[in-house]
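There are 2 protein chains.
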Amino acid sequence: MSEAPGSLTSLRSRNRLLVVETVQRRGRISRVGIARATGLSRTTVSSLVADLLAEGVLTEADGTGRRASPGGGRPATPLTLNPEGGGVLGVHLRHAGIRVLFADLSGGVLGERYHEIDVDHRPDDALAYVADAALDLVAAGGHDAGRVFGMGVAVSAPIRSRSHTLRTSSVLADWTGVDIAARLEARVGMPVHVGNDANLGALAEWTFGAGQGADDLIYVMLSDGVGAGLILGGELYEGATGSAGELGHIPVVDGGYVCRCGNRGCLETVVGLRALTSTFAHTRGPDTTIADVVALLAADDPGAQRVTADAGRMVGRALVGICAMLEPRRVVIGGEVAAVGRPLLEGVRDMLARQLPPPIGQEVTVTAGRLGDRAEALGAIALATQSTSAHLLTR
Amino acid sequence: MSEAPGSLTSLRSRNRLLVVETVQRRGRISRVGIARATGLSRTTVSSLVADLLAEGVLTEADGTGRRASPGGGRPATPLTLNPEGGGVLGVHLRHAGIRVLFADLSGGVLGERYHEIDVDHRPDDALAYVADAALDLVAAGGHDAGRVFGMGVAVSAPIRSRSHTLRTSSVLADWTGVDIAARLEARVGMPVHVGNDANLGALAEWTFGAGQGADDLIYVMLSDGVGAGLILGGELYEGATGSAGELGHIPVVDGGYVCRCGNRGCLETVVGLRALTSTFAHTRGPDTTIADVVALLAADDPGAQRVTADAGRMVGRALVGICAMLEPRRVVIGGEVAAVGRPLLEGVRDMLARQLPPPIGQEVTVTAGRLGDRAEALGAIALATQSTSAHLLTR
DNA sequence: GCGGTTTGTCAGCGTCAAGGACTAAATAAC
DNA sequence: GTTATTTAGTCCTTGACGCTGACAAACCGC
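Those sequence lines, one after another, are chains Z and L. Read in the working numbering, the first sequence has 759 at position 298, and its numbers run on one by one without any break. Read in the working numbering, the second sequence has 612 at position 151, and its numbers run on one by one without any break.
The structure is reproduced here in structure tokens:
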């Protein structure tokens, strides 16, 4: 595991990782292909691949359907990540429930569990459920638990990255100071990595979803709370203290409602799930849900149109400063509220186009997330996969 | 120069770079010290150092004053970067003039030239001056031109990082599309690296100035234009298109003055050098300079106090969103306007403390820059040094 | 079946960093 | 003054690594 930083074995480790990442990205690639892609020699790749095959990380895929080279030549042996070579678990702890995903190393989902539970006030119950569901999924998939390399956990709270514990959060109040990683590691017997849910949502949309190829993107999670995740220069940016992305607490209304953070007029007080639905309390009753709003929009209800577009403009307003400073290629809108679709996106686009200085405004694309509910859990999968590649495969 | 990515020689190159960087950071460190700091073995370090000594990159410093170890033992031989081993040039092209610095590889300034010239409309004159001054400085320092490894250039305009050319800019209108790097390379015969001045100011304050140790910082350059540079996760962040940091064009006043970017109420229209001094037109005449404002402040003039504090608050307002999203450790205020000092800083602090959500607000420090006028040129030095280390020493 | 072509492996070689033994140069104790 | 001790730096050997070049394998078209 640990090794001298500049030694020969570290070089081999780096090359191993290079090979695995290449296969991960390209899928079904031959040894020669890897050599061309990485710049390593065929011999070296062969040697590394031999190791990885022996360890069960890669497999030689079936040759059928392989494209013969023009003019003949020995057909290449396509290599893929071994689907039975291992898997990872991804968990999303949100205030209303828990989602657990089981996926192979390339991010293909093999199983899923969702459980409604009042996560806020029951850390022990929640963690117990997570552990049970996780082990259950692995068993149901017929997988060897020893080849499940890790678990990622997305949590709706800022994370102290060093200690893995949660900082104060009014969403998960009873969880403050709980070391989720340690507790879950004890239960499931594998490395557990914890991250903020908005950050992991960003990672997911970037890896699997609407943000593919955009190495600088902002993911906006419009849910009960409002958060954001940043991919900057092709890497997840978590900030010095691990809680970057407090989009929800940017003031957007002068002298607006008081927010749970103590300030006034925060974005969250205007476009949070509850704030948004409560706008309809007078006409549609106090129990209006986001699904109701979607239905109204489908029926071309002008009030709903107006409200969601306004919400989008508020999001845009909060984003202007950040977009001017960071010049992201893409803004991806996710979270439950994103289900309302177009009018919201139009609102965001409208505000950005109007307030950003000319060159930048045209370079930012605003899109809806493609992963829906599962974005954060998929991000947890990606987190676990990254750590797995880095730690377990590098040896 | 170019080499296989995973080969043995690449490993040696990386280790070379590691050694040089360690010496750069620590200064006067022995071989054993380097070994401890890098994790390499004494043998390896010795071998690398031998190469670097032979090439003149390092020198064995004088042993006098060396601290003998407690309990005796052979005294260590301190190593330093060879002051005569090479130098780099740093240039700042601003609208009103040109600054050229000559420094050794550790950032020590060996010579300086400043020339007032209307840079905006005379690309050829300006570049000719830069080349003359640069070669002159090298000769005056008694240095061998062959051991000057590169030149960095800070420019008040967005840079297309790929092509090294300038994008449209209303500050340097006649420079649009000019390939500064290529033109200067032809004149001075060394690699030239071009960067945005605010970005390089950030790099300078982080490397040499008020931002040392803060791996996440925002540098605010309050000059005629208003720009910003970002250090994120210990690296300069330039954005996808190389023009991140458009702080000056964040709207801060609803329906304010029209800005040169086409929008209304941009930060630049309120706190730019001209905007700020023109506030005093009625009472102090139209030719008020920033020095006059400083004098007024020194005399406890209440109007000046008020104006500068308000300017600070506007800067703070523009920064709130970014600070909430990025959680920087430090905000460094530089540029000519920063000379007004305390009331401006207090204004920024006031606004951030009031509008940032509680945990973040306390974690950000707002400081004045320590490098003054020379920050951007020093950043150009840092840029050239980085590139030098990476390209020339890695061989 | 036979040359042509591409894939993958094998053996030999040069390079690299690490570990241990050794020399160099100082201090501390006697 | 001499000897033991401690730390710094070098020399030599060793094991691992990746690359080059040669060779076998597997397919094409004729």
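Glycine is no exception: its CB is placed at the ideal position from the N, C-alpha and C atoms.
Contact of residue 845 (chain Z) with chain L is not assigned, every C-beta pair being separated by 8 Å or more.
Residue-level contact by beta carbon holds for residue 724 (chain L) and chain Z, with a gap shorter than 8 Å.
In terms of beta-carbon proximity, residue 706 (chain Z) lines the interface with chain L, with at least one pair separated by less than 8 Å.
Within its own chain, the residues whose Cβ lies closer than 6 Å to the Cβ of residue 741 (chain Z), once the five positions on either side in sequence are excluded, are 749, listed in chain order. Interface criterion met: the Cβ of residue 816 (chain Z) is under 8 Å from a Cβ in chain L. In the three-state reduction of the DSSP assignment, residue 682 (chain L) falls in the strand class, which pools E and B. Along the segment 764–784 of chain L, going in chain order, the ones with a CB nearer than 7 Å to a CB of chain Z are 779, 781, 782, 783. In the displayed model, residue 620 (chain Z) falls within a strand according to three-state DSSP.
Ranked by how close their Cα comes to the Cα of residue 687 (chain L), the residues L:577, L:710, L:718 have L:710 in first place.
Taking residue 832 (chain L) as reference, the option from L:667, L:821, L:603, L:610 with the minimal CA-CA separation is L:667. Here the alpha carbons of residue 620 (chain L) and residue 645 (chain L) stand approximately 16 Å from one another. DSSP, reduced to helix, strand and coil, places residue 712 (chain Z) within a strand of the structure shown.
Residue 651 (chain L) is not bridged by DSSP to any residue. The segment 561–612 of chain L is shown to contain whole beta strand (DSSP E) runs of 3 or more residues at 570–577, in chain order. Residue 780 (chain L): member of the alpha helix (DSSP H) spanning 763–787, first to last residue. Proximity of the segment 719–735 of chain Z to the segment 773–790 of chain Z meets the contact definition, three or more beta-carbon pairs being nearer than 8 Å. Interface residue (Cβ-Cβ distance to chain Z less than 8 Å): residue 786 (chain L) is classified as such. At least 8 Å separates the beta-carbon of residue 677 (chain Z) from that of residue 813 (chain Z).
DSSP places residue 724 (chain L) in the coil class of the three-state scheme, outside both helix and strand. The straight-line gap separating the alpha-carbon atoms of residue 708 (chain Z) and residue 705 (chain L) is approximately 19 Å.
Secondary structure of residue 697 (chain L) (DSSP, three-state): strand.
In the three-state scheme derived from DSSP, where H, G and I count as helix and E and B as strand, residue 516 (chain Z) is classed as coil. If you draw a straight line from the Cα of residue 849 (chain Z) to the Cα of residue 715 (chain L), it comes to about 50 Å. With respect to the 8 Å criterion, residue 614 (chain L) and residue 649 (chain L) are not classified as neighbours on the basis of their beta carbons. A Cβ-Cβ separation of about 10 Å leaves residue 569 (chain Z) out of contact with residue 562 (chain Z) under the 8 Å criterion.
DSSP, read as helix, strand or coil, puts residue 640 (chain Z) in strand.
For residue 677 (chain L), at least one C-beta of chain Z is nearer than 8 Å to its own C-beta.
DSSP places residue 750 (chain Z) outside both helix and strand once states are collapsed to three, so it counts as coil. In the three-state reduction of the DSSP assignment, residue 476 (chain L) falls in the helix class, which pools H, G and I. Judged by beta-carbon spacing, residue 679 (chain L) lies within the 8 Å limit of residue 689 (chain L), meaning their Cβ atoms are closer than that value. Cβ atoms of residue 516 (chain L) and residue 538 (chain L) stay farther apart than 8 Å, at about 18 Å.
Assignment of residue 844 (chain L) by DSSP, reduced to helix, strand and coil, places it in the helix class. Neighbours of residue 689 (chain L) in chain Z, taken as residues whose beta carbon is under 8 Å from its own, are 786 in chain order. For residue 794 (chain L), the enclosing beta strand (DSSP E) starts and ends at 791–795. Within the segment 709–739 of chain Z, those residues whose Cβ lies closer than 7 Å to any Cβ of chain L are, in chain order, 710, 711, 712, 722, 723, 724.
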